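Notes to accompany the following structure.
Residue numbers (my numbering): -11 to 359.
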């Protein structure tokens, strides 16, 4: 789930060097060592994975009133199967030179595929599946990072097990759990720019796609949850990503946002807090997200996300419905989701790392802002 390494790879070049904005595509790569062949049924299995991923993302984007203009995001063959780019690394598994844990394989898979299939440089979203053999052999580095402007990279293990995936299956059901499907789609989400977030307990929707692993979620929540969902925050971020809009208009532009009159108000009677304010931007913002982070209370995989639409005059009112209810220090991390797919909090850089930070400590009266 670590994304810093891939973020460095993505940001190692100026996006402006690519000239006029180009429409990105999702590229699925199947990478093996030189002495390992792809097992039978890969195309069928990855088609089922693609079907499941599309169905899940679209279902929840619509549920949160962020319906995508494009519901089919994967490139397909004439028979409906998903396009898979099969490539082999020059290194063999037997030599010990093909790593079983390495943060570089998504980039390696991408470059091998671009060379073999003569693909143009359109800053695509890459989903690299690595296969080193049947269980217990596995490739253990699950990573992903990206944004709407730069595209994205993600790398996951391909687990070869019998069985069929249905779009109706629960995300943490027995087969999907064994296939680590949640983890694979989680990294694909990172490649679209999605940060980690936890559940809002009152919603009772299950485990968030961008939250903790199945084992860690169950350990913390003390349950055997099998349901999975996409949070409203993740839906808001995906809504205007070029992959889901079908347009690259202003894709490379960083919105010049400014925050005005940010205020936190506590409602002791309702036991909630409100973050209100106004935003101005040369690329309109459609939604504001605040991630309520309190490191001493919960990890980033359980940080709570809250969302509000931006009104025509730029104002917004976000309800923090499950504020921290123990003595703690925390940070409200605020970002704007803009019409070109960019998420920014400072108007200078992209992604969760650019978030505008509002520090607080809790008290009997609610959140008290600190410096």
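Just so it is clear, CB atoms sit at the ideal spot from N, CA and C, and this is done for glycine as well.
Treat the numbers as computed from the prediction; the structure is a model and nothing was measured.
Quiz item: Looking only at its own chain, which residues have a Cβ that is under 6 Å from the Cβ of residue 130, when we skip the five neighbours before and after it?
Solution: Working through the chain shown from its first residue, we reach residue 130 at position 142. Here the set comprises 144, 171 and 175.
Practice problem: Decide if the stretch 175 to 186 is in contact with the stretch 265 to 272; the criterion is three or more beta carbon pairs, one per stretch, under 8 Å apart. | Solution: no
Quiz prompt | Three-way DSSP call (helix, strand, coil) for residue 162 in this model | solution = Counting from one through the chain shown, the residue named residue 162 turns up at place 174. If DSSP states are grouped into helix, strand and coil, residue 162 belongs with the helices.
Quiz item: Just to confirm, does residue 285 get its C-beta within under 7 Å of one of the non-hydrogen atoms of the ligand ZN?
Solution: In the structure on display, the ligand ZN does not appear, and there are no ligands present to speak of.
Practice problem: Let me know the secondary structure DSSP gives residue 288 once reduced to three states. | Solution: Taking the chain shown and counting its residues from 1, the one referred to as residue 288 is at position 300. Helix.
Quiz item: Whose CA, out of 293, 224, 200 and 303, lies closest to the CA of residue 247?
Solution: Within the chain shown, residue 247 is the residue found at index 259, counting from 1. If we check each option's Cα against that of residue 247, 303 comes out closest.
Quiz item: Distance, Cα to Cα, residue 198 vs residue 180?
Solution: For the purposes of this step, residue 198 is taken as the residue at position 210 of the chain shown. For the purposes of this step, residue 180 is taken as the residue at position 192 of the chain shown. Going by the C-alpha atoms only, they are around 12 Å apart.
Quiz prompt | Pairwise C-alpha distance: residue 330 and residue 239 | solution = Counting from one through the chain shown, the residue named residue 239 turns up at place 251. Counting from one through the chain shown, the residue named residue 330 turns up at place 342. Looking at the two C-alpha atoms, the distance is approximately 8 Å.
Quiz item: Going by DSSP, what residues sit across from residue 262 in a beta bridge?
Solution: Locating residue 262 in the chain shown gives position 274, where the first residue counts as 1. Partner(s): 253 and 307.
Quiz prompt | Bridge partners - residue 139, DSSP secondary structure assignment | solution = By one-based count along the chain shown, residue 139 stands at place 151. Its beta-bridge partners are 135.
Self-check item: Boundaries of the beta strand (DSSP E) in which residue 278 is found, first to last residue
Solution: On the chain shown, position 290 is the one that residue 278 refers to. Looking at the DSSP string, the run of the beta strand (DSSP E) that includes residue 278 is 273 to 281.
Quiz item: In angstroms, rounded to a whole number, what distance separates the CA positions of residue 84 and residue 167?
Solution: Position 96 of the chain shown, counting from 1, holds the residue named residue 84. Position 179 of the chain shown, counting from 1, holds the residue named residue 167. Roughly 25 Å separates the two Cα atoms.
Quiz item: Which of the three DSSP states, helix, strand or coil, is assigned to residue 361?
Solution: Because the chain here runs from -11 to 359, residue 361 falls outside it and cannot be looked at.
Quiz item: Quick one: complete alpha helix (DSSP H) runs, 4+ long, within the stretch 47 to 133?
Solution: 93 to 105
Exercise. Name the two residues that bound the continuous beta strand (DSSP E) containing residue 189.
Key: By one-based count along the chain shown, residue 189 stands at place 201. Looking at the DSSP string, residue 189 is not in any beta strand (DSSP E), and its letter there is neither H nor E.
Self-check item: Candidates 286, 33, 321 and 261: closest to residue 151 by CA position
Solution: As a position in the chain shown, residue 151 is number 163, starting the count at 1. Selected option, being the one with the closest Cα: 33.
Practice problem: Look at the alpha carbon of residue -11 and the alpha carbon of residue 163, and state the distance between them as a whole number of angstroms. | Solution: Translated into the one-based positions of the chain shown, residue -11 becomes position 1. Translated into the one-based positions of the chain shown, residue 163 becomes position 175. Note that residue -11 scores a pLDDT of 46, beneath 50, so its modelled location is shaky; the value from the coordinates is reported in the next line. Distance between the alpha carbons of residue -11 and residue 163 is about 21 Å.
Exercise. Using a threshold of 8 Å, state whether the C-beta atoms of residue 77 and residue 50 are closer than that.
Key: By 1-based counting over the chain shown, the position of residue 77 is 89. By 1-based counting over the chain shown, the position of residue 50 is 62. Not a contact, by the Cβ cut-off of 8 Å.
Quiz prompt | Sub-8 Å separation of residue 37 and residue 169 beta-carbons | solution = For this step, residue 37 is matched to residue 49 along the chain shown. For this step, residue 169 is matched to residue 181 along the chain shown. Taking 8 Å as the Cβ cut-off, residue 37 and residue 169 qualify as a contacting pair.
Quiz item: Nearest CA to the CA of residue 223: which residue from 316, 348 and 325?
Solution: For the purposes of this step, residue 223 is identified with residue 235 of the chain shown, where counting begins at 1. Of the candidates 316, 348 and 325, the one whose C-alpha sits nearest the C-alpha of residue 223 is 325.
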